[in-house]
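Beneath this line is the structure, given in structure tokens, with notes to follow.
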Amino acid sequence: MYNIQIMPLSPDFINDLSKVFAGEIRTDMTTRILYSTDASIYQIEPLGVAFPRTQSDLAAAME
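Per numbering that gives the first Met the number 0, the sequence shown runs over residues 0 to 62.
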């Protein structure tokens, strides 16, 4: 398996994003595990999962 080093997600980042994000942002372990894989054999646990509600949410998440 790959040893991928990822910087931890800053609480400040989540706080700043939530100010301009109308959708939902989840960082709990259960959600991260559920979204860590697709139909392939690869599994990489995300630092968080964003559920955008608007196009503005998409833009904010990508900035």
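C-beta atoms are modelled at their ideal positions from N, C-alpha and C, and glycine is treated no differently.
When the five nearest sequence neighbours on each side are left out, the beta carbons in the same chain lying within less than 6 angstroms of the beta carbon of Q42 are those of S35 and T36, in order along the chain. When C-alpha distances from L8 are compared across A58, V48, L57 and I40, the shortest belongs to V48. Between the C-alpha atoms of D11 and S55 there is a straight-line separation of about 20 angstroms. I13 is positioned such that its CB atom lies closer than 8 angstroms to that of T26. For the set E23, I5, S17 and R31, the Cα lying nearest the Cα of F50 is the one of E23.
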